[in-house]
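K.L.:
In my numbering, the protein residues as written are 450 to 1083.
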């Protein structure tokens, strides 16, 4: 019943070749996905003539075919413009995850967790990471990230990493669009031998074993020649077992769903629900017996004593392994994360019947036809007559050659003397206008089809409207254009929420001591303290909301605060504390310093001593109190 122990009984020598074979099978099943992604990426970044064709008994690329036909390979990358436009729509949203406590009485803790999430997002530069992930999402229809905890850049914190689609693998038997039925996922790591030993070698014997396994990577003198190809695309030549750069060590990280018998417990004393191993059931029996004895001693009826109820069940859990290409187990164990899952967040689009299709894939055919029309138009222009001179040989002067005629003909003040002959046509120059074969109309049609197919119309791209178009109509056209992209944006937002949920769980688990949280650019009064004792067990729901750090949001907040200040609903200190003004911090500190000086009986710096003396000598206590109140309200 214990899947991990059962697998260990079938293997020997500390190796798990069966896991390697399963992982490689998942890797091979994603070949079509990686191939389609590579094609979409080529078209996005301008390499649009590398598709292979079969011509005259030979397989060649479209670029080589055009060259063999005497044509110049031409292309006009319209896909990149579409991707940049959609990226601009996403960047312009200015949204961020927000934590909402399930218990409304704990909403203050939700605000604290939101600030902790924002601080960690700035530490990881998630704005840039999410931007690149969204670009990958447009190209391949997939996005992958990883949430971990550890030392990095001299900080022990939670970290977010982008996982390359060329390095990840997962099983293909799941069809849930939420990806909840995933049973295997993993990643290929290529690290140096020093980093490998730092992570997995804890004894001299383990160092020796790693040295024997990765002896080629350890000996740098043997792999120096491989570094000559540094800078080329390693991803095109990637292999499941062997790294392209053989100075690195291949480590295969595999996460699988395992099962084993356990007991599910419900403690009616405090309401906790948890799981224990089969071997711990005796401790549950002993605990219940002790509670019954204590209840009997205090005169509590046996049926009213809160006990621990437990039931046997088959538990499914995530189990990780770090393996060498030969199957050696470097490290393994049950998931260490409080969210009880693997550290990866994935989103596959649209995932209907398990299929993955990117935004770029929809417009590749139109892009290919645009390139073909451009090439045809260029060939027609090059093959047409452009200023060809027809000079009869019978009219050639005795003292001039055809080269002399050509030289004089192109001069601005050239002179050619010849004797005309009856019946012989005079020299003339032929300029043949290009016959309209419909390439311009077809080119415009393909460009319009590309906009209609992608949903990225002229209004969304910022093109000027027609003469007489009102601003409201143009804004409505932009809104309608962005509606066609709403499915893409909302799907990616769900990916951001899933990733942020795992990050929140990691923060709750690994932030074990109090921390002072402050976001750069905010006033010192908005510093928040993170207390793991209060926030560690709170359940949060996450949503994507508009960021309050955008210029528009800050301007709207300032206007509301100024209106409250004019109506005397708030004081100047509250205005400066909660507003976003360039001078807020300095002016607020100056006002607080004046208050402290007045309370201590000192003269504020901006008040003359003569005025202060007159107030103290000639004014009554009520006037002095009113003066202090006036200064305090500055």
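Where is the CB? At the ideal position from N, CA and C, for every residue including glycine.
With which residues is residue 838 paired in a DSSP beta bridge?
P.N.:
Residue 838 pairs with 878.
K.L.:
Quick test of the definition: if touching needs 3 or more C-beta pairs under 8 angstroms, does the region 644-661 touch the region 629-636?
P.N.:
Contact between the region 644-661 and the region 629-636 is absent, because fewer than three Cβ pairs lie under 8 angstroms.
K.L.:
For residue 780, report the span of its beta strand (DSSP E) as first-last.
P.N.:
Per DSSP, residue 780 belongs to the beta strand (DSSP E) from 778-783.
K.L.:
By Cβ distance below 6 angstroms, which residues in the same chain neighbour residue 586 in space, the five residues on each side in sequence not counted?
P.N.:
Contacts found: 592 and 941.
K.L.:
Counting C-beta neighbours from all protein chains within 10 Å, is the total for residue 895 16 or more, i.e. buried, or is it exposed?
P.N.:
So residue 895 counts as buried.
K.L.:
Using a Cβ-Cβ cutoff of less than 8 angstroms, which residues in the same chain neighbour residue 847 once the five nearest sequence positions on both sides are dropped?
P.N.:
Counting only Cβ-Cβ distances below 8 angstroms, and skipping sequence neighbours, we find nothing.
K.L.:
Less than 7 angstroms between C-beta atoms, sequence neighbours within five positions excluded: which residues of the same chain meet that for residue 736?
P.N.:
Taken in chain order, the residues that qualify are 757.
K.L.:
Which partner residues of residue 791 appear in the DSSP bridge assignment?
P.N.:
Residue 791 pairs with nothing; no bridge assigned.
K.L.:
Report the residue from 614, 573 and 790 whose alpha carbon sits nearest the alpha carbon of residue 637.
P.N.:
With distances taken between Cα atoms, residue 637 lies closest to 614.
K.L.:
Quick one: what does DSSP say residue 831 is sitting in, helix, strand or coil?
P.N.:
Helix, per DSSP.
K.L.:
Confirm, please, whether the CB-CB distance from residue 991 to residue 493 is below 8 angstroms.
P.N.:
Not closer than 8 angstroms, so no.
K.L.:
On a Cα-Cα basis, can you pick out the residue from 555, 826 and 773 that is closest to residue 661?
P.N.:
The option with the nearest alpha carbon to residue 661 is 773.
K.L.:
How big is the Cα-Cα spacing for residue 870 and residue 836?
P.N.:
So the two alpha carbons sit approximately 24 angstroms from each other.
K.L.:
Can you grab the Cα-Cα spacing for the pair residue 950 / residue 465, in whole Å?
P.N.:
Roughly 32 angstroms separates the two Cα atoms.
K.L.:
Is it buried or exposed for residue 815, if we count other Cβ within 10 angstroms and need 16 for buried?
P.N.:
When all chains shown are included, residue 815 counts as buried.
K.L.:
In or out: residue 790 buried (at least 16 other Cβ within 10 Å) or exposed?
P.N.:
Result: buried.
K.L.:
State the start and end residues of the unbroken alpha helix (DSSP H) segment that holds residue 559.
P.N.:
Residues 556-573.
K.L.:
Are there 16 or more other CB atoms within 10 angstroms of the CB of residue 745, so buried, or fewer, so exposed?
P.N.:
Exposed, by the Cβ-count rule.
K.L.:
Identify the residues that DSSP records as bridge partners of residue 607: which are they?
P.N.:
In the DSSP output, where bridge partners are listed per residue, residue 607 has 598.
K.L.:
Where residue 877 and residue 832 are concerned, what is the direct C-alpha to C-alpha distance, given to the nearest angstrom?
P.N.:
Taking the straight line joining both Cα atoms gives about 20 angstroms.
K.L.:
Determine, using beta carbons only, whether residue 1010 and residue 1028 come nearer to each other than 8 angstroms.
P.N.:
Yes; because the gap between Cβ atoms is below 8 angstroms, this pair is in contact.
K.L.:
Is residue 804 helix, strand or coil by DSSP?
P.N.:
Looking at residue 804 - three-state DSSP - the assignment turns out to be coil, as it is neither helix nor strand.
K.L.:
Can you give me the Cβ contacts of residue 979 inside the same chain, cut-off strictly under 7 angstroms, excluding the 5 residues immediately before and after it?
P.N.:
Excluding sequence neighbours, residue 979 sits near 561, 565, 960, 963, 964 and 966.
K.L.:
Terminal residues of the continuous alpha helix (DSSP H) containing residue 938?
P.N.:
That run of the alpha helix (DSSP H) goes 935-959.
K.L.:
Rounding to the nearest angstrom, what Cα-Cα distance links residue 552 and residue 715 in this structure?
P.N.:
Each residue's alpha carbon lies about 21 angstroms from the other.
K.L.:
Short check: CB of residue 741 to CB of residue 759, under 8 angstroms?
P.N.:
Against a cut-off of 8 angstroms, the Cβ pair of residue 759 and residue 741 comes out as no contact.
K.L.:
Give the secondary structure of residue 635 by DSSP, where H, G and I count as helix, E and B as strand, and everything else as coil.
P.N.:
Here residue 635 sits in strand by DSSP.
K.L.:
Taking the continuous alpha helix (DSSP H) assigned at residue 717, which residues delimit it?
P.N.:
Residue 717 -> no alpha helix (DSSP H), and no H or E assigned at all.
K.L.:
Return the first residue and the last residue of the beta strand (DSSP E) that residue 618 is part of.
P.N.:
Taken as a continuous stretch (DSSP letters only), the beta strand (DSSP E) holding residue 618 covers 617-619.
K.L.:
Go ahead and pull the three-state DSSP assignment for residue 581.
P.N.:
The answer is helix: DSSP assigns residue 581 an H, G or I state.
K.L.:
Going along the chain, which unbroken runs of the beta strand (DSSP E) with 3 or more residues stay wholly within the region 491-522?
P.N.:
For the region 491-522, whole beta strand (DSSP E) runs of length 3 or above, ordered along the chain, are 501-504 and 507-510.
K.L.:
CB-CB under 6 angstroms to residue 806, same chain, minus the five flanking residues each way: which ones, in chain order?
P.N.:
If we look at residue 806 and ignore the five residues flanking it on each side, its Cβ neighbours are 590.
K.L.:
Report buried or exposed for residue 501, applying the criterion of at least 16 other Cβ atoms within 10 angstroms of its Cβ.
P.N.:
Counting Cβ neighbours within 10 Å, residue 501 comes out exposed, since fewer than 16 surround it.
K.L.:
What residue range is occupied by the uninterrupted alpha helix (DSSP H) comprising residue 866?
P.N.:
Note, residue 866: premise wrong, no alpha helix (DSSP H); not H, not E.
K.L.:
Compare the Cα-Cα distances from residue 627 to each of 580, 948 and 954 and report the closest residue.
P.N.:
With distances taken between Cα atoms, residue 627 lies closest to 948.
K.L.:
Reducing DSSP to helix, strand and coil, say where residue 765 ends up.
P.N.:
In the structure shown, residue 765 sits in a strand (DSSP, three-state: E or B).
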